[in-house]
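Protein chains: 2
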Amino acid sequence: MAATQAYEPLSSESLGTRLAGITLLSEKVGPDPAAWQVREVGDGNLNLVFIVEGPSGAAIVKQALPYVRLVGDSWPLPLYRAFFEYHALTRQAARDPGSVPEVYYFDEAQALIVMEFLSPHVILRRKMIAGERVQGLADRMGTYCARTAFRGSELSMKSADKKSDVGLFSGNVEIPAITERLVFTDPYFDAEMNNHTPALDPVVAELRGDVALKTRVQRMLMKFVSNTETMLHGDLHTGSIMATEDEARVIDPEFAQYGPLGFDIGMLTANYLMAYFSQPAHRGADLADYQAWLLETIEGTFAAFEAEFTRLWHSERTGMLYPASLFEDQGQSSEGALKDLLREIWTDALTICGIEMHRRVLSLAHNADFEDIADEAARAPLEARNLMMGRALILGADGITDARALTTLAQDYNGKDVL
Amino acid sequence: MAATQAYEPLSSESLGTRLAGITLLSEKVGPDPAAWQVREVGDGNLNLVFIVEGPSGAAIVKQALPYVRLVGDSWPLPLYRAFFEYHALTRQAARDPGSVPEVYYFDEAQALIVMEFLSPHVILRRKMIAGERVQGLADRMGTYCARTAFRGSELSMKSADKKSDVGLFSGNVEIPAITERLVFTDPYFDAEMNNHTPALDPVVAELRGDVALKTRVQRMLMKFVSNTETMLHGDLHTGSIMATEDEARVIDPEFAQYGPLGFDIGMLTANYLMAYFSQPAHRGADLADYQAWLLETIEGTFAAFEAEFTRLWHSERTGMLYPASLFEDQGQSSEGALKDLLREIWTDALTICGIEMHRRVLSLAHNADFEDIADEAARAPLEARNLMMGRALILGADGITDARALTTLAQDYNGKDVL
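First to last, the sequence lines map onto chains A and B. Using the working numbering, you'd call the opening residue of the first sequence number 1 and step up by one each time. Using the working numbering, you'd call the opening residue of the second sequence number 1001 and step up by one each time.
Quick look at the structure:
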């Protein structure tokens, strides 16, 4: 397919003919497109996703649509997000090898990426709703968050390279604008596209009447849009992770932008906590055990983050920030500086965590963790616990000492009748 | 002059011939270049600056050189800084009309800007060494800092415009790199290009041994390079302000970049404080009066900043941040949010202020305020007071309640025998 051909969405029928010329795809799947089986499986909010299977194997073809799939063509969305997804994938692959699907081919004009088919991986959120564990998840994701955060910042990168990359990603406007609106703003007033479980009304009114809360959230929005500390995944929820029983891979970085070091791990933690709070509606006798595993996963993720970030601080701190010339080369320790920075990352992460917990219950895009609970009477009190803990995190991030204190707080809210 | 002509530095002799075709220049100065009088007056560190005078009036021609003038061609510096200066000047003119020289002409290939000749303005630093006052200075500069900070941020700008502008200015790499190195890093170790008054050795050793201090400074460097809150002047010292007895204008924004809201006013305050601490060597009987005026200027600048920022918060908060939809439209006040944000700006400003006070005494580029004191025995104790107050600001910014507390601290250090 010539890169200059005008954009046209693929269909299961046209895909074989249109992509037959892509060498790496033929090598992966098989040389004869007539023998390819193509299924469109995109269940996300934004894109077409095809699984292409053939005699030699399989591949994924992901193509952007010019609008928000969840809403329809009334909400146009630029195709260039495939460009940013491609650039994010290549950077993530370099910074944490093996963490993301391998890219076989990118076509900017068609806004499509051909990439590795992950199998037997399934979406982590589905596993958590089903009560399945992923061995090593905490280590894997904590390490991923630390490596991408550290290696995408000027702790590690050459300043000119980082500035150039900030310039590149500053072109990603409309996709981050979704986050700015749906995550940081809409939940806190009666915005047009919002929806929430009606029984939550009193809690929602309390949140929307809390000026101190909204002030903290808006300050974090300001950080999100103007603290270009590192390249973020930008949408690292449990629907952006595919896992087997002992492996996890990160997908869908089209929301990539430069932002705060604690953003990705904060959003991820929120999604673990929402899995946790929703479990009483999904589990039976294994409830306590599975909830305990989710909290261990949260603690383990932060432990792995801190360990890897610390390792990189001592072994790869080659950027302009906190240079060895001022510390180690003078026989002086930089441990205090590291500790202060980790503390700031932690506080930002908890604030972002609380905001994500709110938006997934109050704004447009909800989570299956709660949405799969058909019985509103069962769902509302679980969502209410989640909302109130989110508020406690946003208002109290400074006072939560460590990951154990965080999971203890979750246990407290899990036992509370908030409604 | 054709824009496609290869770059060539102007000289006083060649300027008339080469710039004869610029209509607006001819209109300002006079139609016959043979009647122009051209003087090169660049006393800065980076550029050629010509005053062109003729029968109708005068204009300034500023041309970038491909190296740091202060150091020579061993330190190359890209010509594109004229491009960023031009774009900064046009933005500053829009955000605070009348605050900067009017631009008549810009030639990117020749890296030159033809602009308004300010007369009888002189460099503010020279006026302060001479003990001269500028009526209304505090109001003017506080207002300038507030308007450029607020109107260059997403408190006011459309998000897409601001992101596009961040992308544009991310191309300004080597000029901010000077600040990153000379301001934030070199002062705190024995860097190659440093120099300081030898008698300061014990104080310098104390500063360089202070790990907590260096940690704070590096955290501020991280903010400087990654908090794109607003478009900064980036080098707003008293050598970047030209003044008469009752007017002040801002020049030389080639260090423009996106950075923290408190950066410009923080650097400016440092230069007022250095003027203050150096006065005992420049004044006679009028010492106390003039020092009092300098401290009043500092207090007045912050008062004007806060007043104007507050006015804009209530009248021009049309950007994405802290939207009225979450506050005023709900019958809820945003005063607390404003107060929190002003507090953060204040703390950042004091930290930057302390860093600037250090680098002007320890790093490459010193200030005439101190350098004009030929007698080292007189200079060293004044520089030492300045250094120690800088340290107090960096370590204690959180605890300094307001501008009065800041000027009281300055009076304390002014009476101290630090060496």
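Heads up, the beta-carbon is just placed ideally off N, CA and C, and yes, glycines get one too. It should be emphasised that the depicted structure is a prediction, and the values quoted were computed from it without experimental measurement.
At least one CB of chain B closer than 8 Å to the CB of residue i: is that the case?
{"i": "residue 381(A)", "result": "no"}
{"i": "residue 179(A)", "result": "no"}
{"i": "residue 48(A)", "result": "no"}
{"i": "residue 80(A)", "result": "no"}
{"i": "residue 219(A)", "result": "yes"}
{"i": "residue 101(A)", "result": "no"}
{"i": "residue 13(A)", "result": "no"}
{"i": "residue 156(A)", "result": "no"}
For residue i, decide whether its Cβ has a neighbour in chain A, counting only Cβ atoms nearer than 8 Å.
{"i": "residue 1318(B)", "result": "no"}
{"i": "residue 987(B)", "result": "This structure does not reach residue 987(B), given that chain B is present from 1001 up to 1419, and the question cannot be answered."}
{"i": "residue 1194(B)", "result": "no"}
{"i": "residue 1340(B)", "result": "yes"}
{"i": "residue 1067(B)", "result": "no"}
Just the Cα atoms here: how many angstroms apart are residue i and residue j?
{"i": "residue 1345(B)", "j": "residue 1260(B)", "result": "8 Å"}
{"i": "residue 321(A)", "j": "residue 1306(B)", "result": "31 Å"}
{"i": "residue 1198(B)", "j": "residue 1223(B)", "result": "32 Å"}
{"i": "residue 1204(B)", "j": "residue 1064(B)", "result": "34 Å"}
{"i": "residue 1011(B)", "j": "residue 1040(B)", "result": "8 Å"}
{"i": "residue 367(A)", "j": "residue 361(A)", "result": "8 Å"}
{"i": "residue 396(A)", "j": "residue 416(A)", "result": "18 Å"}
{"i": "residue 18(A)", "j": "residue 42(A)", "result": "19 Å"}
{"i": "residue 1235(B)", "j": "residue 309(A)", "result": "34 Å"}
{"i": "residue 1014(B)", "j": "residue 1114(B)", "result": "15 Å"}
{"i": "residue 1333(B)", "j": "residue 1327(B)", "result": "6 Å"}
{"i": "residue 38(A)", "j": "residue 51(A)", "result": "6 Å"}
{"i": "residue 75(A)", "j": "residue 68(A)", "result": "6 Å"}
{"i": "residue 1(A)", "j": "residue 110(A)", "result": "Note that residue 1(A) has pLDDT 45, beneath the 50 cutoff, so the model's placement of it is unreliable and no number is given."}
{"i": "residue 266(A)", "j": "residue 1125(B)", "result": "47 Å"}
{"i": "residue 1297(B)", "j": "residue 1159(B)", "result": "35 Å"}
{"i": "residue 1070(B)", "j": "residue 147(A)", "result": "40 Å"}
{"i": "residue 58(A)", "j": "residue 31(A)", "result": "12 Å"}
Classify residue i as helix, strand or coil using the three-state DSSP reduction.
{"i": "residue 1063(B)", "result": "strand"}
{"i": "residue 1165(B)", "result": "helix"}
{"i": "residue 1029(B)", "result": "helix"}
{"i": "residue 286(A)", "result": "coil"}
{"i": "residue 1277(B)", "result": "helix"}
{"i": "residue 1112(B)", "result": "strand"}
{"i": "residue 1216(B)", "result": "helix"}
{"i": "residue 17(A)", "result": "helix"}
{"i": "residue 414(A)", "result": "helix"}
{"i": "residue 236(A)", "result": "coil"}
{"i": "residue 40(A)", "result": "strand"}
{"i": "residue 246(A)", "result": "coil"}
{"i": "residue 1001(B)", "result": "Low local confidence applies: a pLDDT of 45 at residue 1001(B) is under 50, so the model's placement there is unreliable, with the coordinate-based value given in what follows. Note: residue 1001(B) maps to coil in three-state DSSP."}
{"i": "residue 150(A)", "result": "helix"}
{"i": "residue 402(A)", "result": "coil"}
{"i": "residue 53(A)", "result": "strand"}
{"i": "residue 1007(B)", "result": "coil"}
{"i": "residue 272(A)", "result": "helix"}
Which term fits residue i, buried or exposed, when burial requires 16 or more other beta carbons within 10 angstroms of its beta carbon?
{"i": "residue 1066(B)", "result": "exposed"}
{"i": "residue 358(A)", "result": "buried"}
{"i": "residue 1195(B)", "result": "exposed"}
{"i": "residue 214(A)", "result": "buried"}
{"i": "residue 264(A)", "result": "buried"}
{"i": "residue 1003(B)", "result": "Note that residue 1003(B) scores a pLDDT of 47, beneath 50, so its modelled location is shaky; the value from the coordinates is reported in the next line. So residue 1003(B) counts as exposed."}
{"i": "residue 27(A)", "result": "exposed"}
{"i": "residue 1343(B)", "result": "exposed"}
{"i": "residue 193(A)", "result": "exposed"}
{"i": "residue 5(A)", "result": "exposed"}
{"i": "residue 1033(B)", "result": "buried"}
{"i": "residue 1228(B)", "result": "buried"}
{"i": "residue 162(A)", "result": "buried"}
{"i": "residue 1402(B)", "result": "exposed"}
Does the contact criterion of 3 or more C-beta pairs under 8 Å hold for the region 1164-1176 of chain B versus the region 169-178 of chain A?
yes
Segment contact flag, the region 373-389 of chain A with the region 272-285 of chain A, C-beta cutoff 8 Å, min 3 pairs
yes
Mind the definition here: the region 395-415 of chain A touches the region 1015-1025 of chain B only if three or more C-beta pairs lie below 8 Å; say whether that holds.
no
Do the region 134-151 of chain A and the region 240-259 of chain A meet, that is, are 3 or more Cβ pairs less than 8 Å apart?
yes
May I ask you to verify whether the region 142-153 of chain A touches the region 85-102 of chain A, counting CB pairs closer than 8 Å and requiring at least 3?
yes
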